[in-house]
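Novice: Attaching a single structure in structure tokens format; questions to follow.
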Amino acid sequence: MMNFTYDVLPSRVLFGIGRIQSTKQEATRLGKRALILATPSQAELAQRIADQLGDLCVGVHAKAVQHVPYQTIAETMAIVNAKNADLLIALGGGSTIGLAKGISLESGLPILAIPTTYAGSEMTQIWGISCDGHKTTGRDPNVKPKTVIYDPELIVSLPIVMSITSGINAMAHAVEALYAENANPISSLMAEEGIRGLAQGLPKVAQNQNDLDARASTMYGAWLSATVLDQVGMALHHKLCHTLGGSFAMPHAETHTVILPYVTQFNSQAVPQAMAAIARALGCDVDDVAGSIQDISRNNGGPVSLQELGFKAADLDDAAQIAMQKQYFNPRPFTQVDIRALLGRAFEGVRP
Ligand code: NAD
Numbered sequence: 042m043m044n045f046t047y048d049v050l051p052s053r054v055l056f057g058i059g060r061i062q063s064t065k066q067e068a069t070r071l072g073k074r075a076l077i078l079a080t081p082s083q084a085e086l087a088q089r090i091a092d093q094l095g096d097l098c099v100g101v102h103a104k105a106v107q108h109v110p111y112q113t114i115a116e117t118m119a120i121v122n123a124k125n126a127d128l129l130i131a132l133g134g135g136s137t138i139g140l141a142k143g144i145s146l147e148s149g150l151p152i153l154a155i156p157t158t159y160a161g162s163e164m165t166q167i168w169g170i171s172c173d174g175h176k177t178t179g180r181d182p183n184v185k186p187k188t189v190i191y192d193p194e195l196i197v198s199l200p201i202v203m204s205i206t207s208g209i210n211a212m213a214h215a216v217e218a219l220y221a222e223n224a225n226p227i228s229s230l231m232a233e234e235g236i237r238g239l240a241q242g243l244p245k246v247a248q249n250q251n252d253l254d255a256r257a258s259t260m261y262g263a264w265l266s267a268t269v270l271d272q273v274g275m276a277l278h279h280k281l282c283h284t285l286g287g288s289f290a291m292p293h294a295e296t297h298t299v300i301l302p303y304v305t306q307f308n309s310q311a312v313p314q315a316m317a318a319i320a321r322a323l324g325c326d327v328d329d330v331a332g333s334i335q336d337i338s339r340n341n342g343g344p345v346s347l348q349e350l351g352f353k354a355a356d357l358d359d360a361a362q363i364a365m366q367k368q369y370f371n372p373r374p375f376t377q378v379d380i381r382a383l384l385g386r387a388f389e390g391v392r393p
């Protein structure tokens, strides 16, 4: 029998080629004095959006960095106050949107997000702030962007290998949503369709970075995957990636890319319905889901092993031990020995 709670925060989403042109109109709905946030490498694009906004924009602050250090929030907060900004426009990936969320947490300012990677922070109420080498995360409905503009033209500049790893990072949200403890029929529909959009588009993006149809398909998949990340709980895969990123400074999207096939393999027997949905979305045999996910990376120049990401074999035992420190849901129970074995396989990168 079906038994579920469907609990979703609203957000306004504009999707499509050229939708960036609507930024001024959308910003007007949320505020009068917008501060645009970006990373240094996206300063030029941020300035073009500032030009479109005219008087509605009080400045561009292109100083977002990885992991949202508290110091960066404090520096940006000073600018927000000095310019009397009443709206944050976050142009970029998870790092820039994360900075906007950190400021929103302190100030209550609304966020208009314009994502340029597939990571998905724009659709969630999850924030993360690092301080003294530790990242604290939490959920707050107020930090979820009020409006999100997805324009596939903005993601063509994302280099191919980054597109593959960012896309598989997105796919991981959808894979774990399919076997989430609190999955619901809508989240499962969205997750399957999200995987489909990503799996169909990523190989085409790898062939031609500028293929706008493929960029639209992957962005659509990333949107759906991010939507379910906000709706339902994640499991072992996200926990392992959090451990590897937090305790061993492993790169975010690349680590997700390497780990996902091995967690999928580990969980496969426990969640046949989820595996059937993923197989439908990937267009592969239900017994070859884990290997097919890895093929997306392997066949398109992405990483497949922890070894090639620079992880040290000597740290495998510690990683397994740290990953066991907190209890969390996973559809298949596991021991430290299981986790050590899984990480060992991920270290080698042999096709699951
Ligand atoms: P990122 O935001 O760190 O961006 C990586 C690099 O890519 C940056 O230098 C950026 O300037 C550049 N870049 C971004 N878009 C580009 C484009 N279109 N063309 C060329 N270069 C571009 O990376 P990310 O993977 O988007 O985000 C990772 C971070 O997001 C992690 O810290 C992760 O924890 C966080 N995250 C948070 C959530 C959430 O719900 N809170 C969800 C997913 C990820």
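Going by the numbering used here, the letters in the sequence shown line up with residues 42 to 393, in that order. We put the CB at the ideal spot given by N, CA and C, even for glycine.
Measure the alpha-carbon distance for TYR125 versus LEU140 and round it to whole angstroms.
Specialist: By one-based count along the sequence shown, residue 125 stands at place 84. By one-based count along the sequence shown, residue 140 stands at place 99. Here the sequence assigns Asn to residue 125, which means Tyr is not the residue at that position. Going by the C-alpha atoms only, they are around 17 Å apart.
Novice: Where does HIS102 sit, in a helix, a strand or coil, going by DSSP?
Specialist: Counting from one through the sequence shown, the residue named residue 102 turns up at place 61. Strand, per DSSP.
Novice: What do you get for TYR111, buried or exposed, if any count of 16 or more other CB atoms within 10 angstroms of its CB means buried?
Specialist: If you number the sequence shown from 1, residue 111 lands on position 70. Classification of TYR111: exposed, given that the 10 Å Cβ count is below 16.
Novice: So is PHE45 buried or exposed if we call it buried at 16+ other beta carbons inside 10 Å?
Specialist: Numbered from its first residue, the sequence shown carries residue 45 at position 4. Answer is exposed; the Cβ neighbour count stays below 16.
Novice: So, at 7 Å on beta carbons, what are the nonlocal neighbours of ALA361 in its own chain, with the 5 sequence-adjacent residues on each side left out?
Specialist: Position 320 of the sequence shown, counted from the start, is the residue given in the question as residue 361. These residues qualify, in order along the chain: GLN377, ILE380, ARG381 and LEU384.
Novice: List, from N- to C-terminal side, the alpha helix (DSSP H) runs of 4 residues or more that fit wholly inside the stretch 321–349.
Specialist: Listed in chain order, the complete alpha helix (DSSP H) runs (minimum 4 residues) inside the stretch 321–349 are 330–339.
Novice: Any chance the CB of MET167 is under 6 Å from a heavy atom of the ligand NAD?
Specialist: The sequence position of residue 167 within the sequence shown is 126, counting from 1. A small fix is needed here, since residue 167 is Ile in this sequence, not Met. The answer is yes for ILE167.
Novice: By the three-class DSSP mapping on this structure, what secondary structure does ILE190 have?
Specialist: The residue you call residue 190 lines up with position 149 of the sequence shown. Three-state result, ILE190: strand.
Novice: Excluding the 5 residues flanking VAL327 on each side, which residues of the same chain have their C-beta closer than 7 Å to its C-beta?
Specialist: Taking the first residue of the sequence shown as 1, we reach residue 327 at position 286. Answer for VAL327: MET316, ALA317 and ALA320, listed in chain order.
Novice: Taking Cβ positions, are GLU295 and LEU350 nearer each other than 7 Å?
Specialist: To locate residue 295, count along the sequence shown from 1; it is residue 254. To locate residue 350, count along the sequence shown from 1; it is residue 309. Yes, Cβ-Cβ distance for GLU295 and LEU350 is below 7 Å.
Novice: Any heavy atom of the ligand NAD closer than 6 Å to the Cβ of HIS293?
Specialist: Start at 1 with the first residue of the sequence shown, and residue 293 comes out as number 252. Yes, the Cβ of HIS293 comes within 6 Å of a heavy atom of the ligand NAD.
Novice: Using three-state DSSP, classify VAL391 as helix, strand or coil.
Specialist: By one-based count along the sequence shown, residue 391 stands at place 350. Looking at VAL391 - three-state DSSP - the assignment turns out to be coil, as it is neither helix nor strand.
Novice: Restricting to Cα atoms, I'd like to know which of SER338, ASN183, ILE61 and TRP264 is closest to LEU132.
Specialist: What you label residue 132 is simply residue 91 of the sequence shown in a count that begins at 1. Among SER338, ASN183, ILE61 and TRP264, the Cα nearest to that of LEU132 belongs to ILE61.
Novice: In chain order, what residues of the same chain have a beta carbon less than 6 Å from the beta carbon of ALA221, not counting five sequence neighbours either side?
Specialist: Indexing the sequence shown from 1 puts residue 221 at position 180. So the list reads VAL273 and GLY274, once near-sequence residues are dropped.
Novice: Should CYS98 be labelled buried (16 or more other beta-carbon atoms within 10 Å of its own) or exposed?
Specialist: Indexing the sequence shown from 1 puts residue 98 at position 57. It counts as buried.
Novice: Examine the ligand NAD and report whether any of its heavy atoms sits within less than 6 Å of the Cβ of ILE120.
Specialist: Counting from one through the sequence shown, the residue named residue 120 turns up at place 79. Not so, every heavy atom of the ligand NAD lies at least 6 Å from the Cβ.
Novice: Which residues mark the beginning and the end of the alpha helix (DSSP H) in which ILE205 is found?
Specialist: Against the sequence shown, residue 205 aligns to sequence position 164. Its alpha helix (DSSP H) spans residues 201–219.
Novice: For a quick check, are the C-beta atoms of SER338 and ILE205 less than 7 Å apart?
Specialist: The residue labelled residue 338 in the question sits at position 297 within the sequence shown. The residue labelled residue 205 in the question sits at position 164 within the sequence shown. Result yes, Cβ atoms of SER338 and ILE205 sit closer than 7 Å.
Novice: Is there at least one non-hydrogen atom of the ligand NAD closer than 6 Å to the beta-carbon of ILE337?
Specialist: On the sequence shown, residue 337 is found 296 positions in, with the first residue counted as 1. For the ligand NAD, not one heavy atom lies less than 6 Å from the Cβ of ILE337.
Novice: Tell me, to the nearest whole angstrom, how far the beta carbon of ILE58 is from that of ILE130; I am working on the premise that it is less than 8 Å.
Specialist: Numbered from 1 along the sequence shown, position 17 holds the residue referred to as residue 58. Numbered from 1 along the sequence shown, position 89 holds the residue referred to as residue 130. About 20 Å separates the two Cβ atoms, so there is no contact after all.
Novice: What first and last residue would you give for the alpha helix (DSSP H) that runs through ILE170?
Specialist: Locating residue 170 in the sequence shown gives position 129, counting from the first residue. Segment 167–172 is the beta strand (DSSP E) holding ILE170; no alpha helix (DSSP H) there.
Novice: Whose CA, out of ILE201, CYS282, GLU234 and ALA215, lies closest to the CA of GLN244?
Specialist: Residue 244 sits at position 203 when you count from the first residue of the sequence shown. Going by the sequence as given, residue 244 is Pro instead of Gln. With distances taken between Cα atoms, PRO244 lies closest to ILE201.
Novice: Is GLY72 a contact residue of the ligand NAD, with contact defined as CB to any heavy atom under 6 Å?
Specialist: Here residue 72 is taken as the residue at index 31 of the sequence shown, counted from 1. Because no heavy atom of the ligand NAD lies under 6 Å away, the Cβ of GLY72 does not count as near it: no.
Novice: Please list the terminal residues of the continuous alpha helix (DSSP H) segment that includes PRO156.
Specialist: For the purposes of this step, residue 156 is identified with residue 115 of the sequence shown, where counting begins at 1. That residue, PRO156, is in no alpha helix (DSSP H); its beta strand (DSSP E) goes 152–156.
Novice: Is ILE170 near the ligand NAD, judged by its Cβ being under 6 Å from some heavy atom?
Specialist: As a position in the sequence shown, residue 170 is number 129, starting the count at 1. Result no, Cβ not under 6 Å from the ligand NAD.
Novice: Here's the rule I'm using: 16 or more other beta-carbon atoms within 10 Å means buried, otherwise exposed. How should CYS172 be labelled?
Specialist: Translated into the one-based positions of the sequence shown, residue 172 becomes position 131. Exposed, by the Cβ-count rule.
Novice: Pair every Cβ in the stretch 224–233 with every Cβ in the stretch 243–261, then say whether three or more of these pairs are closer than 8 Å.
Specialist: Verdict: no, contact absent.
Novice: Using a 10 Å radius around the Cβ and a threshold of 16 neighbouring Cβ atoms, would you call GLY208 buried or exposed?
Specialist: Numbered from its first residue, the sequence shown carries residue 208 at position 167. Buried, because 16 or more other Cβ atoms sit within 10 Å of the Cβ of GLY208.
Novice: On the criterion of 16 or more Cβ atoms from any shown chain inside 10 Å, does VAL101 qualify as buried, or is it exposed?
Specialist: In the sequence shown, residue 101 corresponds to position 60, counting from 1. It counts as buried.
Novice: My assumption, with CB atoms under 8 Å, is that GLU147 sits in contact with MET118. Please give the rounded CB distance.
Specialist: Locating residue 147 in the sequence shown gives position 106, where the first residue counts as 1. Locating residue 118 in the sequence shown gives position 77, where the first residue counts as 1. With a Cβ gap of about 6 Å, GLU147 and MET118 count as contacting.
Novice: State the start and end residues of the unbroken beta strand (DSSP E) segment that holds ARG180.
Specialist: Counted from its first residue, the sequence shown places residue 180 at position 139. Where ARG180 is concerned, the enclosing beta strand (DSSP E) stretches over 175–180.
Novice: Is GLN250 near the ligand MG, in the sense that its beta carbon is under 6 Å from a heavy atom of that ligand?
Specialist: The ligand MG is not part of the structure shown, which contains the ligand NAD as its ligands.
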